[in-house]
Amino acid sequence: MDDMLRILHYLLSFVILFVSGVLLIILKYKILATPFILTVASLMPFGLSVGIVRQYYTKYTKPYVWFATIGLLAIAYSAFTGSNIKAFAVPIFHGVSGLIIVLGPFLVKKYGEGNPAKGFWWVSVGGIIISAAGMALAFLNAGSQLLFFSVAIVNSLLSLLLLLMALAFAWGFMKDIKN
């Protein structure tokens, strides 16, 4: 049962990634201004991080699933109501989820259970790519820019970054599945 839940969490992430790509193609960049995009975008790190915790850090599964679910609900609530909860829910939830995605594959041997494949670190690469894109978008939404990431640069690179992230995730998980 736990394997099925883990697989469903990973599947959720890849379905959200696919749907996000299709919506970006159809609706262009105006989709980024809609209130539900924050919630939909939060489902991807939710699924990946919960899947990684379920697979490699099983003793933390129950508390982390609760934490992640509460964070996801807080983000959804703030996205649709305009609540100020977003000011702390997004950085905390995305921060912890992102750290699990980026650092989790590297720390399994020391702190987790199981033996991930040598190429599983590609999941971390995908996490780093989407983290950079997400931070650039967050700065733009706040009215400033991160380093040289202007609106034009972010808009021109976003699709490529999503593709590279998806390829890195797919390669890392493929290596792990073959293990």
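Residue numbers are given in this note's numbering: position 120 of the sequence shown equals residue 106, and the series is strictly consecutive. Ideal Cβ placement from N, Cα and C applies to all residues, glycine included.
{"Asked": "Less than 8 Å separating the beta-carbons of alanine 75 and alanine 60?", "Found": "yes"}
{"Asked": "Express the C-alpha separation of alanine 27 and serine 110 in angstroms, rounding to a whole number.", "Found": "18 Å"}
{"Asked": "Ends of the alpha helix (DSSP H) at tryptophan 52?", "Found": "47 to 67"}
{"Asked": "Whose C-beta lies closer than 8 Å to the C-beta of leucine 13 among residues of the same chain, with five residues either side of it excluded?", "Found": "none"}
{"Asked": "Rounded to whole angstroms, what is the Cα-Cα separation between glycine 68 and threonine 47?", "Found": "30 Å"}
{"Asked": "Tell me, which residues are paired with leucine 10 by DSSP?", "Found": "Paired residue(s): none; leucine 10 is not in a bridge."}
{"Asked": "Which of the three DSSP states is assigned to leucine 133 in this structure?", "Found": "coil"}
{"Asked": "Could you pull out every residue in the same chain whose Cβ sits closer than 6 Å to the Cβ of tyrosine 43, ignoring the five residues on either side in sequence?", "Found": "Gly98"}
{"Asked": "Cutting at 6 Å between CB atoms, please list the residues of its own chain near glycine 37, excluding the five before and the five after it.", "Found": "Arg(-8), His(-5) and Tyr(-4)"}
{"Asked": "Secondary structure at tyrosine 43, three-state DSSP: helix, strand or coil?", "Found": "coil"}
{"Asked": "Have a look at Met30, Pro91, Ile2 and Lys45 and flag the residue whose alpha-carbon is nearest the alpha-carbon of phenylalanine 159.", "Found": "Pro91"}
{"Asked": "Buried or exposed: tyrosine 50, going by 16 or more other Cβ atoms within 10 Å of its Cβ?", "Found": "buried"}
{"Asked": "Distance, Cα to Cα, lysine 104 vs phenylalanine 79?", "Found": "28 Å"}
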